[in-house]
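Residue numbers for the sequence shown, in the numbering used here: 872 to 951. Ideal placement from N, C-alpha and C gives every residue a C-beta, glycine not left out.
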Amino acid sequence: MGIWEGTLVNIKQLNPEASPQAAFGARLRSMREERGWIQDQVADMVGCSGRHVSAIETGRKPATLPFARKADRLFDLIGS
């Protein structure tokens, strides 16, 4: 069993139609989960904390332009 397997987490349900910020967060979470990554892995790859990724995914914080650009590169969304 891996380090994160069996870890209980509180997953906040999102309404992506609530705002552009919520839509961005929901899409970020969806792409992360499609790859089987945890928030801390994404955080390491874009240079922030797992708490920051969580705050963006749940709409508590807006994504900054630098974060969005790093996420675009991470998820191969450049030019899409």
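On the CB-based measure, 16 or more other CB atoms within 10 Å of its CB, does residue 896 come out buried or exposed? Here residue 896 is taken as the residue at index 25 of the sequence shown, counted from 1. With 16 or more other Cβ atoms within 10 Å, it is buried.
Integer Cβ distance of residue 918 from residue 932, believed to fall under 8 Å: For the purposes of this step, residue 918 is taken as the residue at position 47 of the sequence shown. For the purposes of this step, residue 932 is taken as the residue at position 61 of the sequence shown. Contact doesn't hold; Cβ gap of about 15 Å is too wide.
Drop a sphere of 10 angstroms on the beta-carbon of residue 975, count the other beta-carbons inside from all chains shown, and report buried for 16 or more, exposed for fewer. An answer regarding residue 975 cannot be provided, because it is not within the stretch 872 to 951 covered by the chain.
Assuming residue 915 is part of the alpha helix (DSSP H), what are its boundary residues? Translated into positions along the sequence shown, residue 915 becomes position 44. Note, residue 915: alpha helix (DSSP H), 910 to 917.
Would residue 925 pass as a contact of residue 912 if the rule is Cβ separation under 9 Å? What you label residue 925 is simply residue 54 of the sequence shown in a count that begins at 1. What you label residue 912 is simply residue 41 of the sequence shown in a count that begins at 1. Not a contact, by the Cβ cut-off of 9 Å.
Taking buried to mean at least 16 other C-beta atoms within 10 Å of its own C-beta, is residue 889 buried or exposed? On the sequence shown, residue 889 is found 18 positions in, with the first residue counted as 1. Exposed, since its Cβ has fewer than 16 Cβ neighbours within 10 Å.
Buried versus exposed call for residue 904 [16 or more other C-beta atoms within 10 Å across all chains shown]: In the sequence shown, the residue the question calls residue 904 occupies position 33. It counts as exposed.
Residue 921 and residue 914 closer than 9 Å at C-beta: Here residue 921 corresponds to residue number 50 of the sequence shown, with the count starting at 1. Here residue 914 corresponds to residue number 43 of the sequence shown, with the count starting at 1. Result yes, Cβ atoms of residue 921 and residue 914 sit closer than 9 Å.
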